[in-house]
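Asks: This is the structure I have questions about; it appears just below.
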Amino acid sequence: MTLLTRRRRVILRQIVSPPYVYRWAGLLAVVAVFAGVTAVVLLDRGPATTLAAGPGLAVPAAGPPIVPAAPAPARPAIAPTLLTTTGGKGRTVALTFDDGPDPATTPQILDLLAQHRMKAVFCMVGGQAQAHPDLVREVVAAGHRLCNHTITHDPGIGARTPAVMDRQLRASRDVLVQAAGGADVDLFRAPEGRWSPELIRMSAQDGMRSLGWTVDPLDWTTPGAAAIVQRVQQRVHPGAVVLLHDGGGPRGQTVAAARQLLPWLEEQGYSAVLPR
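Here the sequence shown stands for residues 169 to 444, where the numbers follow the numbering used here.
Below is the structure:
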């Protein structure tokens, strides 16, 4: 049985012969260019809407920003500076915990701090705070300080547009303030410490000082409790700001390290204070 009739074979020869073949090629080229431009536009828009997580931190990449029922009162703008010291005199150190709150780790860290009568800064991810508002309230009730760590822990926030930066900072601060029952949030820390001049400026515009660090034992890489302890002991100094994590993944090693570090800091004459 013949698949093509004589008439259809004639039409097919005409289509694949000049000048028709050139017209078809031109049409396909136009379609290809249009598809390529569309892909570039979508990829270019992606960073502003797809929010990535930092090391070991699982945060949903889709969906609208998390916004509380009512925005927190605006704070007055301050000078754009990066805080990397306790600001205190003598042998002081600031302990900071990032990426929480986490129901498995944060309570253990709070218990250890209470045992040694030490205060710390908890740099919380807005999404985590909204999922565990009871832990936010426990942190505040224990006299610790809250720090804004963005709503989704987007490590590329410093390269976003000012509008995206502002939404991230404000949404996270609103969630923290509401979860904490109105506690003030006057510190901000960039995910992964990826600062940019614009991000520091935007933080100051929202009344939050940018909080850096000077001692990073890389506990999020889970190198073992002994390695975390050794790195802090080797690098700590009066006025140091120590970076640790109570969220973003399994933090049993950080808890074990803190169990050794807190009494060691006391033995060395250090007092844990809140940066100012």
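Idealized CB from N, CA, C, for every residue including glycine.
Leaving out five residues before and five after G311 in sequence, what residues of the same chain have Cβ atoms less than 7 angstroms from its Cβ?
Replies: Cβ neighbours of G311 beyond the five flanking positions: K287.
Asks: Looking at C-beta atoms only, is the number of pairs between the segment 314 to 331 and the segment 274 to 285 that lie closer than 8 angstroms three or more?
Replies: Because the criterion of three Cβ pairs below 8 angstroms is not met, the segment 314 to 331 and the segment 274 to 285 do not touch.
Asks: Taking V308 as the reference, which of M292, T318 and T320 has the closest Cα?
Replies: Checking every option, the nearest Cα to that of V308 belongs to M292.
Asks: Which partner residues of S439 appear in the DSSP bridge assignment?
Replies: Looking at the DSSP assignment, S439 forms a beta bridge with T260.
Asks: Whose C-alpha, out of P275, D384, A299 and A372, is nearest the C-alpha of P330?
Replies: Closest by alpha carbon: A372.
Asks: Could you tell me if Q296 is buried or exposed, where buried requires 16 or more neighbouring beta carbons within 10 angstroms of its beta carbon?
Replies: Classification of Q296: buried, given that the 10 Å Cβ count is 16 or more.
Asks: Give the straight-line distance between the Cα atoms of A440 and R335, rounded to the nearest whole angstrom.
Replies: Roughly 33 angstroms between the two C-alpha positions.
Asks: Are there 16 or more other CB atoms within 10 angstroms of the CB of T249, so buried, or fewer, so exposed?
Replies: Label assigned to T249: exposed.
Asks: D352 to G375, Cα distance in whole Å?
Replies: D352 and G375: Cα-Cα distance of roughly 10 angstroms.
Asks: Does the Cβ-Cβ distance between V304 and A347 come in under 9 angstroms?
Replies: Yes, these two residues count as a Cβ contact at 9 angstroms.
Asks: Residues bridged to M292 by DSSP?
Replies: For M292, which the question treats as bridged, DSSP gives the partners N316.
Asks: Hey, W388 and G416 are a contact pair by Cβ (cut 8 angstroms); roughly how many whole angstroms apart?
Replies: Confirmed, Cβ separation roughly 6 angstroms.
Asks: According to DSSP, simplified to helix, strand and coil, what is A272?
Replies: In the structure shown, A272 sits in coil (DSSP, three-state: anything other than H, G, I, E or B).
Asks: Is it the case that the Cβ atoms of A247 and T254 are separated by a distance below 9 angstroms?
Replies: Contact flag unset, no.
Asks: Hey, out of N316, V332 and V345, whose CA is closest to P359's CA?
Replies: Residue N316 is the option with its Cα nearest to P359.
Asks: For D387, which of helix, strand or coil comes out of DSSP?
Replies: Three-state result, D387: helix.
Asks: Under the DSSP definition of a beta bridge, which residues are partnered with D266?
Replies: Answer is C291 and H413, bridged to D266.
Asks: Where V343 and A240 are concerned, what is the direct C-alpha to C-alpha distance, given to the nearest angstrom?
Replies: Rounded to the nearest angstrom, the two C-alpha atoms are 8 angstroms apart.
Asks: Alpha carbons only, please: which of P418, Y438 and I396 is nearest the one belonging to P406?
Replies: Per the Cα distances, Y438.
Asks: Quick one: Cα of D354 to Cα of S340, how far?
Replies: Those two C-alpha atoms are separated by around 12 angstroms.
Asks: With a threshold of 6 angstroms on Cβ separation, who are the neighbours of L412 within its own chain once the five nearest residues in sequence on each side are excluded?
Replies: F265, D387 and T422, listed in sequence order.
Asks: Is P269 near D414, with beta carbons less than 9 angstroms apart?
Replies: Yes, these two residues count as a Cβ contact at 9 angstroms.
Asks: In the DSSP assignment, find the unbroken alpha helix (DSSP H) run with R341 in it and report its ends.
Replies: Unbroken alpha helix (DSSP H) run through R341: P330 to A347.
Asks: So what does DSSP say about R377, is it helix, strand or coil?
Replies: Strand.
Asks: With a threshold of 9 angstroms between beta-carbons, can C291 be considered close to chain B, or not?
Replies: Judged by its chain identifiers, the structure shown contains no chain B, having just a single protein chain.
Asks: Buried or exposed: which applies to G123, given that a residue is buried once 16 or more other Cβ atoms fall within 10 Å of its Cβ?
Replies: The structure shown does not extend to residue 123, since the chain is modelled only from 169 to 444, so the question has no answer here.
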